[in-house]
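Residue numbers (my numbering): 36 to 367. Note sheet for the following structure.
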């Protein structure tokens with residue numbers, strides 16, 4: 036059981052009513068709270084919850100439409116995303132109770148101050164290195180317009196400007212990160228066929244690929260519902276078409292790809308996790324056609340070339356800078 040769930044269950048009598056668990060972990064909490072339902076924006080967690088508690092959790096960027104008497108938000112990493120999620124929940128709970136739970140190292144005490152916009156917050160419990168806070172919603176906000184909260188920025192590229200639309204919580208929100216910037220300069224000479232932007236975030240790489248290779252089919256994949264929505268907005272803002280997939284890792288990607296291009300994810304919550312990136316390197320050949328290419332950016336300190344060469348083929352370093360390297364390998 037996730038320690039945040041354990042803290043909730045220490046106060047289980049508060050949650051024996053129609054309750055929404057927002058950003059819940061994929062553990063046994065729904066089983067312990069029979070009147071609760073879930074709202075997840077993590078495709079992997081949602082798949083696990085659906086397999087164990089069919090129909091009791093919804094995936095997406097907005098709260099489920101069904102009624103609930105109280106809500107618990109499991110604190111996300113991003114403060115901007117926390118602002119949106121708290122407002123989205125409080126808007127549905129005039130006079131109701133809104134709870135916030137999170138790890139101390141994740142900034143729960145700071146985040147609890149954000150509850151003051153709706154009423155007077157109070158700390159209910161502190162255990163398992165986590166805290167549980169509560170507020171009665173006395174000032175219920177208007178339902179927030181998620182798209183209006185997007186940050187938009189322009190990239191001036193050799194083939195013209197590109198508009199990027201970044202929603203709260205998406206990687207490198209509102210700016211181009213250094214790794215993607217280095218990879219953007221190394222996208223020449225990709226094979227013809229179906230291209231995949233793996234871990235697409237706001238869709239920068241995918242949009243550039245589609246514009247540079249307009250005859251190629253494009254797919255974009257991310258585990259996060261807000262990233263999936265951002266990528267769709269970025270494609271639309273530039274008049275581009277692509278299939279955007281919500282899936283947890285390379286196992287959810289199409290097969291018979293001509294190329295996989297990626298700034299692979301390695302952060303989840305307050306912890307660092309390289310699992311999705313390492314799975315990509317191990318499984319890429321199963322999704323690439325013979326001669327298909329993997330082209331990724333990675334931190335220079337990560338020992339990826341031996342892993343790439345073991346599972347795919349000879350690994351070439353195309354560029355290096357700002358603590359990153361661009362690697363290329365082809366399936367034999």
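Positions of the beta carbon are idealized from the N, C-alpha and C atoms, including for glycine. What you are looking at is a predicted structure, and each value in this text was computed from that prediction instead of being measured.
Beta carbon of residue i, beta carbon of residue j: below 8 Å?
i, j, result
"residue 258", "residue 79", "yes"
"residue 268", "residue 288", "no"
"residue 108", "residue 116", "no"
"residue 298", "residue 197", "no"
"residue 172", "residue 237", "no"
"residue 361", "residue 354", "yes"
"residue 83", "residue 61", "yes"
"residue 191", "residue 246", "no"
"residue 167", "residue 46", "yes"
"residue 230", "residue 253", "yes"
"residue 215", "residue 240", "yes"
What are the start and end residues of the alpha helix (DSSP H) that includes residue i?
i, result
"residue 38", "38-44"
"residue 341", "339-346"
"residue 246", "239-247"
"residue 215", "213-219"
"residue 64", "64-67"
Measuring only the C-alpha atoms, how far is residue i from residue j?
i, j, result
"residue 336", "residue 234", "20 Å"
"residue 275", "residue 189", "16 Å"
"residue 348", "residue 339", "12 Å"
"residue 186", "residue 204", "11 Å"
"residue 134", "residue 123", "13 Å"
"residue 317", "residue 42", "37 Å"
"residue 227", "residue 81", "34 Å"
"residue 154", "residue 118", "15 Å"
"residue 334", "residue 213", "10 Å"
"residue 182", "residue 97", "11 Å"
"residue 100", "residue 72", "11 Å"
"residue 149", "residue 114", "9 Å"
"residue 270", "residue 59", "30 Å"
Would you mind sorting residue i into buried or exposed? The rule is 16 or more other CB atoms within 10 Å of its CB.
i, result
"residue 223", "exposed"
"residue 310", "exposed"
"residue 365", "buried"
For the beta strand (DSSP E) that residue i lies in, which residues bound it at each end?
i, result
"residue 132", "132-138"
"residue 232", "230-233"
At which residue ranges does the stretch 264-328 contain complete beta strand (DSSP E) runs of 3 or more residues, listed in the order of the chain?
278-281 and 292-297
Curious, which full-length alpha helix (DSSP H) runs of at least 4 residues does the stretch 77-112 contain?
78-87
Minimum length 4: unbroken alpha helix (DSSP H) runs contained in the stretch 152-185:
none
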